[in-house]
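Take 1 as the starting number for the sequence shown in the working numbering and just add one per residue. Glycine included, each C-beta is placed from N, C-alpha and C at the ideal position. Since this is a predicted model, take the numbers as computed values, not measurements. What follows is a single structure, written as structure tokens, with notes after it.
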Amino acid sequence: MRRRKGFIIVLSLLLLVCFVVNTYGLSFTLTAKAARTAILKSTKEVLRVGATTKLTINNKISKATYTFKSSDSKVVSVDKAGTVTGRKAGMAIVTVKQSNKSKTTVVGTVEVTVRPELVRKNVYEKSLVSIGNNYRMKKAIEKAQRGEDVVIAYIGGSITEGYNALRPTQSYGYLSYEYFKKTFGKGDGSNVKFVNAGMAGTPSSLGMVRYERDVVTVGGAEPDILFVEFAVNDADDTTNGDAYESLVVNALKSEKQPAVVLLFSVFKSKWNLQSRLQPVGEYYDLPMISIKDAVLPELASGALTDAEFFSDQFHPTTDGHQLMADCIDYYFDAVAAENIVGSDITIPEEGKIGNSYVGIKMIDSKLSDNNVAINAGSFSSNDTMLGTFKYAPTVKTFPNNWKHSADAGNESYILKLDCKNLVIVYKLSSSSAAGKVDVFVDGVKKETYNSFSGGAWNNPMTKVVFKSEESVSHTIEIKMASDSQKKEFSILAFGYTK
Numbered sequence: 001m002r003r004r005k006g007f008i009i010v011l012s013l014l015l016l017v018c019f020v021v022n023t024y025g026l027s028f029t030l031t032a033k034a035a036r037t038a039i040l041k042s043t044k045e046v047l048r049v050g051a052t053t054k055l056t057i058n059n060k061i062s063k064a065t066y067t068f069k070s071s072d073s074k075v076v077s078v079d080k081a082g083t084v085t086g087r088k089a090g091m092a093i094v095t096v097k098q099s100n101k102s103k104t105t106v107v108g109t110v111e112v113t114v115r116p117e118l119v120r121k122n123v124y125e126k127s128l129v130s131i132g133n134n135y136r137m138k139k140a141i142e143k144a145q146r147g148e149d150v151v152i153a154y155i156g157g158s159i160t161e162g163y164n165a166l167r168p169t170q171s172y173g174y175l176s177y178e179y180f181k182k183t184f185g186k187g188d189g190s191n192v193k194f195v196n197a198g199m200a201g202t203p204s205s206l207g208m209v210r211y212e213r214d215v216v217t218v219g220g221a222e223p224d225i226l227f228v229e230f231a232v233n234d235a236d237d238t239t240n241g242d243a244y245e246s247l248v249v250n251a252l253k254s255e256k257q258p259a260v261v262l263l264f265s266v267f268k269s270k271w272n273l274q275s276r277l278q279p280v281g282e283y284y285d286l287p288m289i290s291i292k293d294a295v296l297p298e299l300a301s302g303a304l305t306d307a308e309f310f311s312d313q314f315h316p317t318t319d320g321h322q323l324m325a326d327c328i329d330y331y332f333d334a335v336a337a338e339n340i341v342g343s344d345i346t347i348p349e350e351g352k353i354g355n356s357y358v359g360i361k362m363i364d365s366k367l368s369d370n371n372v373a374i375n376a377g378s379f380s381s382n383d384t385m386l387g388t389f390k391y392a393p394t395v396k397t398f399p400n401n402w403k404h405s406a407d408a409g410n411e412s413y414i415l416k417l418d419c420k421n422l423v424i425v426y427k428l429s430s431s432s433a434a435g436k437v438d439v440f441v442d443g444v445k446k447e448t449y450n451s452f453s454g455g456a457w458n459n460p461m462t463k464v465v466f467k468s469e470e471s472v473s474h475t476i477e478i479k480m481a482s483d484s485q486k487k488e489f490s491i492l493a494f495g496y497t498k
């Protein structure tokens, strides 16, 4: 009996020792091994043809050896030390392996994107209309270099949205964001955030209405850098530049005081509205980049063809998006090479063209304020047949709307508010069901809006309902026109200023 008890005691002690060893010894071993696990500092690199960068491995094991192999040495070559060289434009994967005690493992892979060589420096020089006052951009660069969060936003039309780039990550906006992130971001650049607020077929009069929603709310913060691209979208802007300047001033005056860059795209017809919009940039001493100024001489000389730059009458090819991004990158580099100026820009009270819509607020069926009272009447349905975004195909452009259905009756939509300016956004449709509305302001008929358009794609249309110098109480009545009471009409949003 005593022997049996002694055996049990010894066995228990052995089990306890095993438990301690397994629990603590193994833990220490795993911790030590974890501490010695090699990891790549970066899994993505961007460089130009002819440029080099060295891949960094953290937590190297002292007696281990490391090898590097490119998936396409014609695009990216890599030497024994891990120095990567861009050979031609494209993308390749560099695989990094570790050999230690006859065991070989993969440390990781690095996606290396090689961008075209800056062989046409004169093209990029021509694109830079003005570097402007660099105070705000230098501050944004310094902020990114310190590792603080920096938001780069792009607002514009379908070119900004990324139309006809092979994929969203090859749009001019994303490419130039990636360059800024790689060049000025800290570490892997994850402190630099991207916001695409492009919306196809829309002018700056809609851009100013949706700025707060699509730039600030989507980005989670006001931007540090804002690119404004409406030079080919503002032909239908009935404010003739007032909305554009108001959008620019709204951004400039916001709490974060972002660097605002004006970007002038161009159509295949060689047309844009740069002559109207450039004076706004000059007035506020803003940086301005003209794609028209960059590509027209190249097209005229035959160095660049229409087919290379334009995918259709309106949009650039993937290579065209790349060239646009290169022009922006050139601007970033030019600012980085300068000393910071002594003071920020000044914002005059008077506008160059006009600043009537500074402080504009958006109203939709979910976004309102105490200044607004709405009775939707027969416009009580929700329209789901809306446009979406190229980079977010499941996201509707204006999901919180008011729709009049064909069988909804004819009760008027009533909007009451204090304001001096009012803008309406409604849907255009090529459907035969699309109808017209009559709009009354304080009992007086102002306009009839027709939501049918043969070339429409459920896109938004923006109109100024009225503009005045004084903010007073108004009642706006919208009802189906007499010949459209059995048709449809969708109010997408309003914008107003007090």
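Legend entry - Three CB pairs or more closer than 8 Å across the region 178 to 192 and the region 403 to 419: The answer is no - the region 403 to 419 does not touch the region 178 to 192, with fewer than three Cβ pairs under 8 Å.
Legend entry - Proximity below 8 Å, CB of Tyr496 to CB of Lys361: A Cβ-Cβ contact shorter than 8 Å links Tyr496 with Lys361.
Inset, instruction - Helix, strand or coil for Leu26, going by three-state DSSP, please let me know. - result: A caution first: Leu26 carries a pLDDT of 42, below 50, which makes its placement in the model too unreliable to give a value.
Legend entry - Neighbourhood of Thr113 by C-beta distance below 6 Å, restricted to the same chain and skipping five residues each side: So the qualifying residues of the chain are Val46 and Met91.
Legend entry - Alpha-carbon to alpha-carbon, Tyr330 and Gly132: One C-alpha to the other measures close to 14 Å.
Legend entry - Residues bridged to Gly348 (per DSSP): In the sequence under discussion, the amino acid at residue 348 is Pro, which differs from the Gly named in the question. Under DSSP, Pro348 takes part in no beta bridge, so it has no partner.
Inset, instruction - Using a Cβ cut-off of 8 Å (strictly closer), state whether Gly201 contacts chain C. - result: No chain C is present in this structure, which holds just one protein chain.
Legend entry - Lys138 - DSSP class collapsed to helix/strand/coil: The DSSP-derived three-state label of Lys138 is helix.
Legend entry - Where Thr397 falls, given that 16 or more other Cβ within 10 Å makes a residue buried: Classified as buried, Thr397 has 16 or more neighbouring CB atoms from the shown chains inside 10 Å of its CB.
Legend entry - Where the alpha helix (DSSP H) through Arg276 begins and ends: Gln274 to Tyr284 is the span of the alpha helix (DSSP H), which, as asked, contains Arg276.
Inset, instruction - Identify every run of the alpha helix (DSSP H) within the region 291 to 323, keeping only runs that are complete inside it and at least 4 residues long; order them along the chain. - result: Counting only runs of 4 or more, we get 291 to 301 and 306 to 309.
Legend entry - Buried versus exposed, by CB contacts within 10 Å (16 or more), Thr462: Thr462 is buried by the Cβ-count criterion.
Inset, instruction - Quick one: grab the DSSP three-state call for Val266. - result: Looking at Val266 - three-state DSSP - the assignment turns out to be coil, as it is neither helix nor strand.
Inset, instruction - Answer yes or no: do Val425 and Leu206 have a C-beta to C-beta separation smaller than 8 Å? - result: Contact flag set, yes.
Legend entry - From Lys143, Gly455, His474 and Ser451, residue whose alpha carbon lies closest to that of Ala481: Its Cα nearest to that of Ala481, the residue Ser451 stands out among Lys143, Gly455, His474 and Ser451.
Inset, instruction - Enumerate in chain order the residues of its own chain whose CB-to-CB distance from Asp234 is below 7 Å, with the five nearest sequence positions on each side excluded. - result: Closer than 7 Å at Cβ, skipping near neighbours: Pro203, Ser204, Tyr244 and Leu273.
Legend entry - Three-state secondary structure assigned by DSSP to Ile340: Assigned with DSSP and collapsed to three states, Ile340 falls in coil, not helix or strand.
Inset, instruction - Rounded to whole angstroms, what's the CA-CA distance from Tyr163 to Thr37? Just pull it up for me. - result: Going by the C-alpha atoms only, they are around 43 Å apart.
Inset, instruction - For Val444, count neighbouring Cβ atoms within 10 angstroms of its own Cβ and tell me buried if that reaches 16, exposed if not. - result: With a 10 Å radius around the Cβ and a threshold of 16 neighbouring Cβ atoms, Val444 comes out exposed.
Inset, instruction - Kindly provide the ranges of any beta strand (DSSP E) runs that are 3 or more residues long and lie completely inside the region 213 to 261, ordered along the chain. - result: Scanning the region 213 to 261 for uninterrupted beta strand (DSSP E) segments of 3 residues or longer gives 225 to 229, listed from N- to C-terminal end.
Legend entry - Candidates Leu128, Glu469 and Glu229: closest to Gly156 by CA position: Closest by alpha carbon: Glu229.
Legend entry - Complete alpha helix (DSSP H) runs within the region 67 to 151 (minimum length 4 residues, chain order): Taking only runs of at least 4 residues, the alpha helix (DSSP H) segments lying wholly in the region 67 to 151 are 121 to 127 and 135 to 145.
Legend entry - The beta strand (DSSP E) enclosing Thr448, as first and last residue numbers: Looking at the DSSP string, the run of the beta strand (DSSP E) that includes Thr448 is Val444 to Asn450.
Legend entry - Classification of Asn250 by the beta-carbon crowding that lies within 10 angstroms, buried from 16 upward: A buried status is given to Asn250, since no fewer than 16 other beta-carbon atoms sit within 10 Å of its beta-carbon.
Inset, instruction - Find out if the Cβ-Cβ distance for the pair Ile345, Asp285 is shorter than 8 Å. - result: Ile345 is a Cβ neighbour of Asp285, given a cutoff of 8 Å.
Inset, instruction - Pull up the distance between the alpha-carbon of Arg146 and that of Lys139, whole angstroms please. - result: Straight-line spacing of the CA atoms in Arg146 and Lys139 works out to 11 Å.
Inset, instruction - Examine the Cβ distances between the region 408 to 420 and the region 471 to 491 and report whether three or more of them are shorter than 8 Å. - result: Yes, the region 408 to 420 touches the region 471 to 491.
Inset, instruction - Could you say if the region 332 to 351 and the region 308 to 321 meet the contact criterion of at least three C-beta pairs nearer than 8 Å? - result: With a cut-off of 8 Å on Cβ pairs, the region 332 to 351 is not in contact with the region 308 to 321, counting fewer than three such pairs.
Legend entry - Beta-carbon gap between Lys126 and Pro279 smaller than 8 Å: Note that the C-beta distance between Lys126 and Pro279 is not below 8 Å.
Inset, instruction - Report yes if the C-beta distance between Ser158 and Gly198 is below 8 Å; otherwise report no. - result: Closer than 8 Å, so yes.
Inset, instruction - Answer yes or no: do Asn458 and Ser429 have a C-beta to C-beta separation smaller than 8 Å? - result: It is a contact, given that the beta carbons lie within the stated cut-off.
Legend entry - Sequence-distant residues of the same chain with beta carbon closer than 8 Å to Glu308, five excluded per side: Once the five neighbours on either side are set aside, the close Cβ partners of Glu308 are Thr317, Asp319 and Gly320.
Inset, instruction - Indicate the three-state DSSP secondary structure (helix, strand or coil) for Asp407 in the structure shown. - result: In the structure shown, Asp407 sits in coil (DSSP, three-state: anything other than H, G, I, E or B).
Inset, instruction - Compute the Euclidean distance between the alpha carbons of Ile414 and Gly187, then round it to the nearest angstrom. - result: Taking the straight line from one Cα to the other gives about 54 Å.
Legend entry - Span separating the alpha-carbon of Asp306 from that of Ser246: Rounded to whole angstroms, the gap between the alpha carbons of Asp306 and Ser246 is 34 Å.
Legend entry - Host beta strand (DSSP E) of Phe528 (start-end): Outside the shown range of the chain (1 to 498) lies residue 528, about which nothing can therefore be said.
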